[in-house]
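A.B. asks: Those protein sequences? They're chains A and B, same order as listed. Okay, so the first sequence: first residue is 1 according to our numbering, each after it adds one. Okay, so the second sequence: first residue is 131 according to our numbering, each after it adds one. Below are the structure tokens for one structure; questions will follow.
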Amino acid sequence: MSRRPFVRPVSRTRWYFKHPRYLRYMSREVTCVFIGAFTLLLLCAVERLSEGQAAYESFLAAIGGPWSALGLSIVLIFVVHNAISWFNVTPKALPVQIGEGFLPGRFIVAAHYAVWILISLAVLFFAGVL
Amino acid sequence: MNERMVQLDVLRYDPQVDDEPHFQHYEVPCKEEWVVLDALNAIKESIDPTLNYRWSCHMAVCGSCGMMINGEPRLSCHAFLRDFEGVIRVEPLANFPIERDLVTVADDFIDKLKRVKPYLIPGETRSIDEGEYIQTPAQLMKYRHFSMCINCMLCYAACPQYALQPLFLGPAAITLAHRYNLDSRDGGRDERQQVIATNEGVWECSFVGACSEVCPKAVDPAGALQQVKVASTLDWFREHLLPGDTK
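The structure is reproduced here in structure tokens:
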């Protein structure tokens, strides 16, 4: 009796619609596009800053309009989604064993949020906001 | 004992006759406490003896009866009929070729499992006279949950990376390699790293996490793979940044 295994086709472009968990994964992955775009914007800001105060202020004026605010708000949403989705899975990558048990994952997640808040406060402090 | 008619659409494929698989509808009287595997057994015993599927222990230990049940990779001995409404769709495990009906070709997984050397390679050779390899409870706990894998391949059926890149070693094989790497009695990590710390090994994983969601034994393959990534990255830094380490 000859074997004739059947290989089911896999869609390379629509596979993530097959299950909500794949869409959830893609929603995390797509955040990198927005974070990449914001990183480019930051690099532009640094470059204009190096060109002097006038150049930097004209840059700030250029991104100060309502459409920019809307765009940056969207970027912020994706950045927060990226941070939360990655923080929530850190216990898998960084388990902390204590004796014969493991530190509950929520403490590892909470530590990440705490560091996030502290660094954000430090940035606001050095920026003169606080 | 309550009994009700349960409807199942089962994917059938006879390589001698069919060009491609097709669904066959069955209605079978089932008891309230039955699982999908019981329904399949009832079909085979009293309705259609030509139906093919794998099973053995009926208690989520042997890992033989993995199937797609309503699109989800499940052990059919662990999927209670009372948890389903309407017609239950039963298909062979996704991402594996279909041998016949619900039986898949597992050769690829078995080959990959062999490549990662999923057995103890003692770090030190001891004679029988020197006694057993001693391990503390804390050392055991480091890898114990990863040792619960029953090779059921549900994680491969859930993994979109494996579906898109069949060369990927996959969740279970890498997890088992990690299990032995974490074992205090083992000294084979360097050999396994040659296989798992590669593009087709752990770096093909993009942390979808589906493997851990479907694992019937709570092994957490996704966790194991991320830990392998962290350890492999530290290896790289040690190799390239620390003086005198030429490994």
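Note that beta-carbon positions come from the ideal geometry of N, C-alpha and C, so glycine has one too.
Listing by chain order, which chain A residues have their CB less than 9 Å from the CB of Ile228 of chain B?
C.D. replies: Position 98 of the second sequence, counted from the first residue, corresponds to residue 228 of chain B. Here the neighbours are Pro5, Phe6, Val7, Arg8.
A.B. asks: Taking Tyr143 of chain B as the query, report the chain A residues whose CB atoms sit under 8 Å from its CB, ordered along the chain.
C.D. replies: Position 13 of the second sequence, counting from 1, holds the residue named residue 143 of chain B. What Tyr143 of chain B touches in chain A: Phe6.
A.B. asks: Which residues does DSSP list as the beta-bridge partners of Gly101 of chain A?
C.D. replies: Start at 1 with the first residue of the first sequence, and residue 101 of chain A comes out as number 101. Paired residue(s): A:Ile98.
A.B. asks: Is it right to say Asp231 of chain B is buried, meaning 16 or more other beta carbons lie within 10 angstroms of its own, or is it exposed?
C.D. replies: Locating residue 231 of chain B in the second sequence gives position 101, where the first residue counts as 1. Classification of Asp231 of chain B: buried, given that the 10 Å Cβ count is 16 or more.
A.B. asks: Determine the direct distance from the alpha carbon of Ile228 of chain B to that of His188 of chain B, and round the result to whole angstroms.
C.D. replies: Here residue 188 of chain B refers to the residue found at position 58 when the second sequence is read from its first residue. Here residue 228 of chain B refers to the residue found at position 98 when the second sequence is read from its first residue. Between His188 of chain B and Ile228 of chain B, the C-alpha separation is close to 22 Å.
A.B. asks: May I ask which residues mark the beginning and end of the alpha helix (DSSP H) holding Lys347 of chain B?
C.D. replies: Along the second sequence, read from residue 1 onward, the residue named residue 347 of chain B stands at position 217. No alpha helix (DSSP H) holds Lys347 of chain B; DSSP gives it neither H nor E.
A.B. asks: Are Ala224 of chain B and Pro203 of chain B close, meaning C-beta to C-beta below 8 Å?
C.D. replies: On the second sequence, residue 224 of chain B is found 94 positions in, with the first residue counted as 1. On the second sequence, residue 203 of chain B is found 73 positions in, with the first residue counted as 1. Yes, Cβ-Cβ distance for Ala224 of chain B and Pro203 of chain B is below 8 Å.
A.B. asks: Is it true that the CB of Gly331 of chain B sits closer than 8 Å to the CB of Leu299 of chain B?
C.D. replies: Taking the second sequence and counting its residues from 1, the one referred to as residue 299 of chain B is at position 169. Taking the second sequence and counting its residues from 1, the one referred to as residue 331 of chain B is at position 201. Closer than 8 Å, so yes.
A.B. asks: Give the residues from the stretch 341-364 of chain B that approach chain D closer than 8 Å (Cβ to any Cβ), ordered along the chain.
C.D. replies: In the structure shown, chain D does not exist; the protein chains are A and B.
A.B. asks: Please name the residue in A:Ser50, A:Ser27, A:Pro5 whose C-alpha comes closest to that of Glu150 of chain B.
C.D. replies: The count along the second sequence starts at 1 and reaches residue 150 of chain B at position 20. Nearest of A:Ser50, A:Ser27, A:Pro5 to Glu150 of chain B, Cα basis: A:Pro5.
A.B. asks: Hey, is the stretch 340-351 of chain B in contact with the stretch 294-313 of chain B, meaning 3+ C-beta pairs nearer than 8 Å?
C.D. replies: With the cut-off at 8 Å, the stretch 340-351 of chain B and the stretch 294-313 of chain B touch.
A.B. asks: Using C-beta distances below 6 Å, list every residue in its chain close to Pro91 of chain A, excluding the 5 sequence neighbours before and after it, in chain order.
C.D. replies: The count along the first sequence starts at 1 and reaches residue 91 of chain A at position 91. Contacts found: Gly105, Ile108.
A.B. asks: Can you pull the chain A neighbours of Glu150 of chain B, defined as C-beta to C-beta under 8 Å?
C.D. replies: To locate residue 150 of chain B, count along the second sequence from 1; it is residue 20. Those within 8 Å of Glu150 of chain B in chain A are Phe6.
A.B. asks: Check whether the stretch 264-283 of chain B and the stretch 310-329 of chain B are in contact - that is, three or more C-beta pairs closer than 8 Å.
C.D. replies: These segments touch.
A.B. asks: Starting from the C-beta of His112 of chain A, find all residues in its chain whose C-beta is less than 7 Å away, skip the five residues before and the five after it, and write them out in chain order.
C.D. replies: One-based indexing of the first sequence puts residue 112 of chain A at position 112. Phe87, Thr90.
A.B. asks: Return the chain-ordered list of same chain residues with a C-beta closer than 8 Å to the C-beta of His81 of chain A, the five sequence neighbours on each side being excluded.
C.D. replies: Here residue 81 of chain A refers to the residue found at position 81 when the first sequence is read from its first residue. Cβ within range, chain order: Ser27, Arg28, Thr31.
A.B. asks: How long is the line joining the alpha carbons of Ile218 of chain B and Glu100 of chain A, rounded to whole angstroms?
C.D. replies: Taking the second sequence and counting its residues from 1, one reaches residue 218 of chain B at position 88. Taking the first sequence and counting its residues from 1, one reaches residue 100 of chain A at position 100. So the alpha carbons of these two residues sit roughly 42 Å apart.
A.B. asks: Looking at the structure shown, is Gln137 of chain B part of a helix, part of a strand, or coil, going by DSSP?
C.D. replies: The residue you call residue 137 of chain B lines up with position 7 of the second sequence. If DSSP states are grouped into helix, strand and coil, Gln137 of chain B belongs with the strands.
A.B. asks: Buried or exposed, going by whether 16 or more other CB atoms sit within 10 Å of the CB of Arg3 of chain A?
C.D. replies: Position 3 of the first sequence holds residue 3 of chain A. It counts as exposed.
A.B. asks: Tell me the DSSP secondary structure of Ile251 of chain B in three-state form.
C.D. replies: Within the second sequence, numbered from 1, the residue matching residue 251 of chain B stands at position 121. If DSSP states are grouped into helix, strand and coil, Ile251 of chain B belongs with coil.
A.B. asks: Quick check on this structure: which residue in B:Asn182, B:Glu133, B:Cys195 has the alpha carbon closest to the alpha carbon of Pro99 of chain B?
C.D. replies: The first residue shown for chain B is 131 and the last is 377, placing residue 99 of chain B beyond what the model contains.
A.B. asks: Using a C-beta to C-beta distance shorter than 9 Å, which residues of chain A count as neighbours of Leu294 of chain B?
C.D. replies: Locating residue 294 of chain B in the second sequence gives position 164, where the first residue counts as 1. By Cβ distance, chain A contributes Val10, Arg12, Trp15.
A.B. asks: Going along the stretch 316-345 of chain B in order, which residues come within less than 8 Å of chain A, judged by CB to CB distance?
C.D. replies: The residues in question are Ser336, Phe337, Val338, Gly339, Ala340, Ser342, Glu343.
A.B. asks: Leaving out five residues before and five after Arg142 of chain B in sequence, what residues of the same chain have Cβ atoms less than 8 Å from its Cβ?
C.D. replies: Counting from one through the second sequence, the residue named residue 142 of chain B turns up at place 12. Closer than 8 Å at the Cβ level, and outside the excluded window around Arg142 of chain B, lie Asp148, Pro151, His152, Phe153, Gln154, Leu181, Asp231.
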